[in-house]
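Input: a single structure, listed below in structure tokens.
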């Protein structure tokens, strides 16, 4: 950009010198020659504006920085969060912004009892190119996420009724996607923290034997969480499970993640 501006300045200088030489030979400049120099001045002024804008942008976006790792979001689609799912939208916006600033690849999907097997990850945005983190791009991604959340809330996706969140299955889905994205990811599960599946129901309390059994069942599927951070957002919102059982839910999640070599991140209602 600087080279372009410098070349344009030389072009203006040469043009002005040429016009001045002609005026000495043939007399005062005509209206046409004045207009010609004026056009040159306007062009260089425009180039200078672009140059300064580029300098300003480069201060905000470090183009030399290496791309960030993937940011993977699972939005709980189990029945226990059906009435509060839209409350996740402000914090989802923060996560999208984080992915843009880090120039990471952003994935989002609904996850719940339909988390077994493979998830299609309908939302994927690669922020790893210059200026892709602009607010317009982030707004477009947020619109897609909002549509996904509202589809869940309106019941247009397959959700088994009467159940909580199958923690082991959801973490396994996120681990597989992280592995495909290159590992060392930042993961977010938007959920109330009410774990429930065929072997575990935190609302009813969890024995030590049930914890060990759960860890043995799912740990082999979570090895791809190694080096990644898992965050839980929305915890406790919309559930009457109580602090004691929510504490148990956190302990079980942390045991699974840390045993797999990952890091337990946030455990909070709001970011």
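Numbering (this note's numbering), first residue to last: 408 to 678. Glycine is no exception: its CB is placed at the ideal position from the N, C-alpha and C atoms. Small disclaimer: the values here were computed from a predicted structure and weren't measured.
Out of the options, point me to the one whose CA is closest to residue i's CA.
i	options	result
residue 582	636, 600, 545	636
residue 515	508, 541, 494, 549	549
residue 477	494, 629, 502	502
residue 652	609, 673, 645	609
residue 507	479, 669, 571	479
residue 683	481, 517, 487	Missing from the structure shown is residue 683; the chain here goes from 408 to 678 and no further.
residue 499	510, 509, 481	481
residue 638	541, 600, 628	600
residue 604	654, 670, 571, 493	571
residue 529	504, 555, 622, 543	555
residue 591	620, 598, 670	670
residue 493	597, 672, 619	597
residue 542	551, 504, 616	504
residue 602	593, 587, 618	618
residue 654	620, 587, 678, 612	612
residue 673	593, 587, 551, 547	593
One question on the structure: do residue i and residue j come within less than 7 Å of each other, judged by their Cβ atoms?
i	j	result
residue 626	residue 656	no
residue 532	residue 513	yes
residue 649	residue 676	no
residue 595	residue 640	yes
residue 526	residue 491	no
residue 589	residue 633	no
residue 534	residue 557	no
residue 553	residue 496	yes
residue 585	residue 517	no
residue 391	residue 662	Because the chain spans 408 through 678 in this model, residue 391 falls outside it and cannot be assessed.
Run through the DSSP bridge pairs and tell me what residue i is partnered with.
i	result
residue 518	483
residue 674	639
residue 533	512
residue 544	Per DSSP, none; premise fails for residue 544.
residue 478	513, 593
residue 572	602
Is it buried or exposed, residue i, if we count other Cβ atoms within 10 angstroms and call 16 or more buried?
i	result
residue 545	buried
residue 659	buried
residue 519	buried
residue 484	buried
residue 573	buried
residue 472	Only weak support is given to the placement of residue 472: the predicted model assigns it a pLDDT of 36, under 50, and the value that follows is read from those uncertain coordinates. Residue 472 comes out exposed.
residue 606	exposed
residue 452	Any reading at residue 452 must be qualified, since the residue scores a pLDDT of 40, below 50, and its modelled position is unreliable; no value is offered.
residue 438	Confidence at residue 438 is low in this model, with a pLDDT of 47, below 50, so the placement of that residue is unreliable and no value is reported for it.
Would you say the beta carbon of residue i comes nearer than 6 Å to a heavy atom of the ligand SAM?
i	result
residue 534	No copy of the ligand SAM occurs in the structure displayed, which carries no ligand at all.
Original post:
Curious, which full-length alpha helix (DSSP H) runs of at least 4 residues does the region 585 to 651 contain?
Top reply: 615 to 625
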